[in-house]
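Below you'll find the structure, written out as structure tokens, and then a few comments.
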Amino acid sequence: VQLQASGGGLVQPGGSLRLSCAASKSIFGINTMNWYRLAPGKQRDLVASITSGGSTNYADSVKGRFTISRDNAKNTVYLQMNNLEPEDTAVYYCNVRSVLSTYWGQGTQVTVSS
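My numbering applies: residue 6 is where the sequence shown begins, and numbers increase by one.
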């Protein structure tokens with residue numbers, strides 16, 4: 006199974022981006038689908054997660070600005086990012102944890118700058 010992330014780019018502060026992460030095929034026994042980010046000089050942090058039942062969880066720094074969602078029919082997880090701040094600049098990685106394995110996407114760069 007491969008995860009293909011897309012949707013990153015350069016945006017001004019206050020702008021929006023929507024990240025997508027599509028799995029190459031259906032994944033059996035998904036527990037959570039997640040977005041992480043890695044900023045220069047920092048450790049990789051969990052940004053948002055969504056369970057198989059649809060429950061969501063967010064890092065405090067993005068609550069109220071980011072929304073994670075999933076489309077099971079398309080094997081895709083999304084991250085809608087609004088009111089972006091320079092501190093959101095990072096490489097964003099999608100991640101899927103299932104009962105059998107853990108999968109990572111290749112990362113997509115998000116740069117927030119004027």
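Note that the Cβ used here is the ideal one computed from N, Cα and C, for glycine as well. These numbers come from a predicted model, not from an experiment.
Those residues which DSSP pairs with residue i across a bridge
i	result
Ile73	Leu84
Asn62	Ser54
Nearest-angstrom Cβ-Cβ length linking residue i and residue j, presumed shorter than 8 Å
i	j	result
Asp93	Met86	7 Å
Val101	Met38	5 Å
Asn88	Gly14	With 8 Å as the limit, Asn88 and Gly14 do not qualify as a contact, their Cβ atoms being about 16 Å apart.
Per-residue DSSP class, three states only, for residue i
i	result
Ala95	strand
Ser4	Here the chain covers residues 6 to 119 and nothing more, so residue 4 does not appear.
Val67	helix
Ala10	strand
Proximity to residue i [Cα-Cα], best of the options
i	options	result
Ala64	Ala44, Ala53, Thr72, Asn80	Ala53
Gly58	Leu51, Ser74, Leu43	Ser74
Gln7	Arg49, Ser119, Gln111	Gln111
Residue i versus residue j: straight-line alpha-carbon distance, rounded
i	j	result
Ser118	Thr61	28 Å
Thr56	Ser103	10 Å
Thr72	Cys99	14 Å
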